[in-house]
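Okay, so here's the structure we're looking at.
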Amino acid sequence: MKVLVAVKRVIDYNVKIRVKPDKTGVETANVKMSMNPFDEIGVEEAVRLKEAGAASEIIAVSMGPQSCQETIRTALAMGADRGIHVLSDAELQPLAVAKLLKAIAAKEQPQLVILGKQAIDDDSNQTGQMLAALLGWAQGTFASKLKLEAEKALVTREIDGGLETVELKLPAVMTTDLRLNEPRYASLPNIMKAKKKPIEQVTPEALGVDVAPRLVTLKVEEPAKRQGGRKVASVQELVDKLKNEARVI
Amino acid sequence: MTTYKAPLREYRFLLQELFDVGELAKLPGYEDATPDVFEQVLEEGAKLCEEVLFPLNRSGDEEGCTFENGVVRTPKGFKEAYDLFRQGGWTALVCDPEYGGQGLPHTLQFLVEEMVSSANMSFGMYPGLSNGAYRAIWHHGSAAQKRKFLPRLVDGSWSGTMCLTEPQCGTDLGQIRTRAEPAGTDGVYKITGTKIFISAGEHDLTDNIVHLVLARIVGGPPGIRGISLFIVPKFLVKDDGGLGPRNGVRCGSIEHKMGIKASATCVINFEEAEGYLLGEAHKGMRAMFTMMNAARLGVGLQGLALGETAYQTARQYAQDRLQGRALAGDKFPDKPADPIIVHPDVRRMLLTMKAYTEGARALAAWVSLALDRAERDPDPAAREEADDFIGLMTPIIKAMLTDNAFAATNLGVQIFGGHGYIREWGMEQLVRDSRITMLYEGANGIQALDLVGRKMPMHNGRLLRRFFHPVDAWLRQRLEKPELQEFVMPVMKAFGRLQQVTALVAQKGMADPDEAGAAASEYLRAFGLVAMGYLWARIAEIALGRLGGDEALFYKGKLATARFYMARVLPETNTLFVNIAAGAKSLMELEAEAF
Ligand SMILES: Cc1cc2nc3c(=O)[nH]c(=O)nc-3n(C[C@H](O)[C@H](O)[C@H](O)COP(=O)(O)OP(=O)(O)OC[C@H]3O[C@@H](n4cnc5c(N)ncnc54)[C@H](O)[C@@H]3O)c2cc1C
Numbered sequence: 001m002k003v004l005v006a007v008k009r010v011i012d013y014n015v016k017i018r019v020k021p022d023k024t025g026v027e028t029a030n031v032k033m034s035m036n037p038f039d040e041i042g043v044e045e046a047v048r049l050k051e052a053g054a055a056s057e058i059i060a061v062s063m064g065p066q067s068c069q070e071t072i073r074t075a076l077a078m079g080a081d082r083g084i085h086v087l088s089d090a091e092l093q094p095l096a097v098a099k100l101l102k103a104i105a106a107k108e109q110p111q112l113v114i115l116g117k118q119a120i121d122d123d124s125n126q127t128g129q130m131l132a133a134l135l136g137w138a139q140g141t142f143a144s145k146l147k148l149e150a151e152k153a154l155v156t157r158e159i160d161g162g163l164e165t166v167e168l169k170l171p172a173v174m175t176t177d178l179r180l181n182e183p184r185y186a187s188l189p190n191i192m193k194a195k196k197k198p199i200e201q202v203t204p205e206a207l208g209v210d211v212a213p214r215l216v217t218l219k220v221e222e223p224a225k226r227q228g229g230r231k232v233a234s235v236q237e238l239v240d241k242l243k244n245e246a247r248v249i
Numbered sequence: 001m002t003t004y005k006a007p008l009r010e011y012r013f014l015l016q017e018l019f020d021v022g023e024l025a026k027l028p029g030y031e032d033a034t035p036d037v038f039e040q041v042l043e044e045g046a047k048l049c050e051e052v053l054f055p056l057n058r059s060g061d062e063e064g065c066t067f068e069n070g071v072v073r074t075p076k077g078f079k080e081a082y083d084l085f086r087q088g089g090w091t092a093l094v095c096d097p098e099y100g101g102q103g104l105p106h107t108l109q110f111l112v113e114e115m116v117s118s119a120n121m122s123f124g125m126y127p128g129l130s131n132g133a134y135r136a137i138w139h140h141g142s143a144a145q146k147r148k149f150l151p152r153l154v155d156g157s158w159s160g161t162m163c164l165t166e167p168q169c170g171t172d173l174g175q176i177r178t179r180a181e182p183a184g185t186d187g188v189y190k191i192t193g194t195k196i197f198i199s200a201g202e203h204d205l206t207d208n209i210v211h212l213v214l215a216r217i218v219g220g221p222p223g224i225r226g227i228s229l230f231i232v233p234k235f236l237v238k239d240d241g242g243l244g245p246r247n248g249v250r251c252g253s254i255e256h257k258m259g260i261k262a263s264a265t266c267v268i269n270f271e272e273a274e275g276y277l278l279g280e281a282h283k284g285m286r287a288m289f290t291m292m293n294a295a296r297l298g299v300g301l302q303g304l305a306l307g308e309t310a311y312q313t314a315r316q317y318a319q320d321r322l323q324g325r326a327l328a329g330d331k332f333p334d335k336p337a338d339p340i341i342v343h344p345d346v347r348r349m350l351l352t353m354k355a356y357t358e359g360a361r362a363l364a365a366w367v368s369l370a371l372d373r374a375e376r377d378p379d380p381a382a383r384e385e386a387d388d389f390i391g392l393m394t395p396i397i398k399a400m401l402t403d404n405a406f407a408a409t410n411l412g413v414q415i416f417g418g419h420g421y422i423r424e425w426g427m428e429q430l431v432r433d434s435r436i437t438m439l440y441e442g443a444n445g446i447q448a449l450d451l452v453g454r455k456m457p458m459h460n461g462r463l464l465r466r467f468f469h470p471v472d473a474w475l476r477q478r479l480e481k482p483e484l485q486e487f488v489m490p491v492m493k494a495f496g497r498l499q500q501v502t503a504l505v506a507q508k509g510m511a512d513p514d515e516a517g518a519a520a521s522e523y524l525r526a527f528g529l530v531a532m533g534y535l536w537a538r539i540a541e542i543a544l545g546r547l548g549g550d551e552a553l554f555y556k557g558k559l560a561t562a563r564f565y566m567a568r569v570l571p572e573t574n575t576l577f578v579n580i581a582a583g584a585k586s587l588m589e590l591e592a593e594a595f
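So this is what it looks like as structure tokens:
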């Protein structure tokens, strides 16, 4: 069974984000970039499937500028077998990414496509769902557990009320949540092996996808500064303040 | 809490801008060690250091190692961290692929070692000593010894030690009393004696511990010429590689000490322990010396590593701590006070730390690149040149980087004010941890003697020329560049005086060895400051050309620090030159009884 994993290159989660002075976006020059943490979880899950004998090949896909190859290398060092890089310097919005993934899925015929539930840069939380719709496949989003059985996948999802388990007919799309697993550190030998694994480069044009943005960003602003907290003397005072000042209860 | 993020941008600057690490991949055996591999390995190593090792640094210091009935336990979390470290292949980085190693360059190993020590110096001691033992066996072991011990040292399932020191001798190893008696079989001896201060001598991280022990074969020549080196495993190793019975090696106690508390420092008693001669009989010191360079460079790096953590933490604090107002008028009128980074004196401290740490790293990278060439360059002349350069620079790196680290970590405490003295902030730990680096692997005074007494006269000054000639050429080529004068001129002047005092020390030392001894420490420091000055000038030249790009702030930082170095660090050499010229008289005239 082939598994396709989408990996996005984002600003590292440790970096303090700064908005560009002209408010068109955030500073990305000289900022440490790394793999979207939810995608790391996706790669880890795929590698575990392979180690358990359930997956035969793992393909890591990333889209964006040349530097995305580094992110693919990281996935290869964690255990993916080969990479596909869709080279594009355009802004890639969720719909474009979903269409590109659909085109790749058509070619590669994976049984499972794993994505992060969202990317920590734009927090869209859309790509997986769009892809499932475009492909007409079943989807299990916010997965905290995955179990494969013949021809189907049992995905436990984190929902507001608790945990929900859905049964998906394969091929399917799954998006990962934080508690699905804890990604491994790539080992030195695997980093060295990753260097020799192939990365195929394609373009949106070659895949026949128009990636032109459908949404326009008007402006990007820093969130309002957090006001300093206050200590309350008693539970009573707290309840009172929540009721009368904050008006949340 | 201290802060640590691996300075990956600094590494890239050294590897790709100041030096050209791409050259390494042209050396036979290093084909895979391309710049992108450096980046990937450093990035992954950084994660492990920041996320796994660093969080155990303070708790390890608080808890320390414990000793009970001959058993030593490392602090909570160390075993799990060590398992991750070794499973990740990090113990194998520079090791020979024939024994399961990754065969990557020393230059990369040193940067990884720096990150490990910045994050948790105590932790780094365990794999560090194993690597020393690995290297000794790799260089001097028989084929059978290599097969038996190396694969497990490489994969980290066993660790190693260096057992030199005894109660009556640390520096002067000619006094060693531990004795080795032939046990009947060729190359097998019974080792008896007591070693003290043995780092990683006993612990719970690995299945077996391979001690490398200096001992005297009974009936051998007296003094340093009668010392041999032995492999003494904690558990005997069966022919199939499995563990046999316990050998006659016991930990008697562990030391309670100033710093690196999570590194077990052990008294190790050998009682008729089975030991295997490593290399030739009575040539143990020579065997030890072949791995001394890397070990001493490693200690220099520990120093620089702690300076880095202190700097990162102090830099943050200086931006956050609001206290007093800028002398020239409020900088942040909307805040209750200005951050302390506005004060000239705080800037003096921060810049000293930055200048020391980044200068040190450049110096260490320069030497570690030579270490790789010395091992791999197909051209014997190039190998000899690199080897000379390493020999010359090793005592300087060991001593100056660790002296500076102690100064830098102390400045870190100072920037924190009273909070620096409080354990919770972690700054005082850095001072305590850094202090050992000036002592072990040859106290810094001994490094200075090595420079003046051995390296300076060696091959009629050939080692010195490996430094003097290229520096001289670089400076001369830039005499006509107006924009570089503020860097080239002060370095040129100090460099000229360094050459003068070199001649002076050589001449006076020839007539009276005390003269050389009296000048040694200050000479070493002056040499180091000039070498670092030269590198800061080179850094400034690069920075000047890159001020316009989108990394302007980074290069401005480099340039301003280079200026600070020329104005306020390099002038220390003036005092040193005066002291050196003053000679031994004022040190030697007082009789010992009068002290
Ligand atoms: C935490 C810790 C870990 C250690 N780990 C190890 C280890 O793993 N293995 C090991 O074998 N040892 C280890 N050591 C021992 C360490 O290497 C020695 O302490 C060091 O070599 C100095 O020896 P010493 O303590 O006997 O001092 P001494 O040799 O007594 O020196 C005392 C002072 O005299 C000076 N001095 C001595 N001789 C001369 C001379 N000829 N000329 C000028 N000055 C001189 C020295 O510079 C020093 O300042 C460790 C020590 C510590 C504290």
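Here the protein sequences line up with chains A and B, keeping their order.
Sequential numbering from 1 applies to the first sequence in the numbering used here.
Sequential numbering from 1 applies to the second sequence in the numbering used here.
Note that the Cβ used here is the ideal one computed from N, Cα and C, for glycine as well.
Quiz item: What residue ranges within the stretch 134 to 179 of chain A form continuous beta strand (DSSP E) runs of no fewer than 3 residues, ordered along the chain?
Solution: 138 to 149, 152 to 159, 162 to 169 and 172 to 176
Quiz item: ligand 1 heavy atoms versus the CB of Y523 (chain B): any closer than 7 angstroms?
Solution: no
Quiz item: To which residues does DSSP link F595 (chain B) through a beta bridge?
Solution: Bridge partners of F595 (chain B): none, in fact.
Self-check item: Inside the stretch 364 to 450 of chain B only - alpha helix (DSSP H) runs reaching at least 4 residues
Solution: 380 to 415, 427 to 435 and 444 to 449
Quiz item: So which residues of chain B does P181 (chain A) contact, with C-beta pairs closer than 7 angstroms?
Solution: Note that residue 181 (chain A) is Asn in the sequence shown here, rather than Pro. Neighbours of N181 (chain A) on chain B: none; closest Cβ ~16 angstroms, over 7 angstroms.
Self-check item: Exposed unless 16 or more other CB atoms sit within 10 angstroms - verdict on G496 (chain B)
Solution: exposed
Quiz item: Can a CB atom of chain B be found closer than 8 angstroms to the CB of Y185 (chain A)?
Solution: yes
Quiz item: When DSSP builds the beta bridges, which residues end up paired with H85 (chain A)?
Solution: A:S62 and A:Q201
Practice problem: Just the C-alpha distance for A143 (chain A) and C95 (chain B), rounded to the nearest angstrom, thanks. | Solution: 41 angstroms
Practice problem: Assign R525 (chain B) to one of two classes, buried (16 or more other C-beta atoms within 10 Å of its C-beta) or exposed (fewer than that). | Solution: buried
Quiz item: Excluding five sequence neighbours on each side, which residues of the same chain lie with their C-beta closer than 8 angstroms to the C-beta of L535 (chain B)?
Solution: L18, G359, A362, L363 and W366
Quiz item: Mapping DSSP to helix, strand and coil, what is A80 (chain A)?
Solution: coil
Exercise. Report back the beta-carbon spacing between K152 (chain A) and L135 (chain A) to the nearest angstrom; my notes put them in contact at under 8 angstroms.
Key: Actually they do not touch by this definition, with Cβ atoms about 16 angstroms apart.
Quiz item: If the cut is a Cβ gap below 7 angstroms, which residues of chain E does G89 (chain B) touch?
Solution: Absent from the structure: chain E. Protein chains present are A and B.
Quiz item: In three-state terms, what does DSSP make of H469 (chain B)?
Solution: helix
Quiz item: Residues of chain B with a CB under 7 angstroms from the CB of A143 (chain A): which are they?
Solution: Here the premise fails: no neighbours, minimum Cβ distance about 24 angstroms.
Practice problem: Grab me the residues of T194 (chain B)'s own chain with a C-beta within less than 6 angstroms of its C-beta, minus the 5 sequence neighbours each way, in chain order. | Solution: N269
Quiz item: In this structure, does DSSP put I249 (chain A) in helix, strand or coil?
Solution: coil
Exercise. State the start and end residues of the unbroken beta strand (DSSP E) segment that holds N30 (chain A).
Key: Element bounds for N30 (chain A): n/a, residue is neither H nor E.
Quiz item: Given a limit of 9 angstroms on CB to CB distance, which residues of the stretch 71 to 96 of chain A reach chain B?
Solution: R73, T74 and A77
Practice problem: May I ask you to check if the CB of Y440 (chain B) is nearer than 7 angstroms to at least one heavy atom of ligand 1? | Solution: yes
Exercise. Given a cut-off of 8 angstroms, decide if V505 (chain B) and A537 (chain B) are closer than it, judged by their beta-carbon atoms.
Key: no
Quiz item: Taking the beta strand (DSSP E) that Y276 (chain B) falls in, what are its first and last residues?
Solution: T265 to L278
Quiz prompt | Sequence-distant residues of the same chain with beta carbon closer than 8 angstroms to A382 (chain B), five excluded per side | solution = R373
Quiz item: So who's on the other strand from T194 (chain B), going by DSSP bridges?
Solution: B:N269
Exercise. Taking 8 angstroms as the cut-off, decide whether the C-beta atoms of A215 (chain B) and I176 (chain B) are in contact.
Key: yes
Quiz item: Should L48 (chain B) be flagged as near chain A, meaning a C-beta pair shorter than 8 angstroms?
Solution: yes
Quiz prompt | Same chain only: Cβ atoms within 6 angstroms of A287 (chain B), ignoring 5 sequence neighbours per side | solution = H140, L229 and G279
Quiz item: Which chain A residues sit within Cβ distance under 9 angstroms of K5 (chain B)?
Solution: N14 and K32
Self-check item: Residues near G275 (chain B) by beta carbon distance below 7 angstroms, same chain, minus five either side
Solution: A180, Y189, I191, V213, F230, I231 and V232
Quiz item: Are L161 (chain B) and I198 (chain B) closer than 8 angstroms when you measure CB to CB?
Solution: The sequence given here places Thr at residue 161 (chain B); Leu does not occur at that position. Closer than 8 angstroms, so yes.
Quiz item: Taking Cβ positions only, does A29 (chain A) come closer than 8 angstroms to chain B?
Solution: yes
Quiz item: Buried or exposed: which applies to F595 (chain B), given that a residue is buried once 16 or more other Cβ atoms fall within 10 Å of its Cβ?
Solution: exposed
Quiz item: Which parts of the stretch 42 to 125 of chain B are runs of the alpha helix (DSSP H), unbroken and 4 residues or longer, counting only runs that do not cross its ends?
Solution: 57 to 63 and 78 to 87
Quiz item: From which residue to which residue does the alpha helix (DSSP H) around P245 (chain B) run?
Solution: Looking at the DSSP string, P245 (chain B) is not in any alpha helix (DSSP H); the run it does join, the beta strand (DSSP E), is L243 to R246.
Exercise. Indicate, with yes or no, if ligand 1 has a heavy atom lying under 7 angstroms from the CB of I114 (chain A).
Key: no
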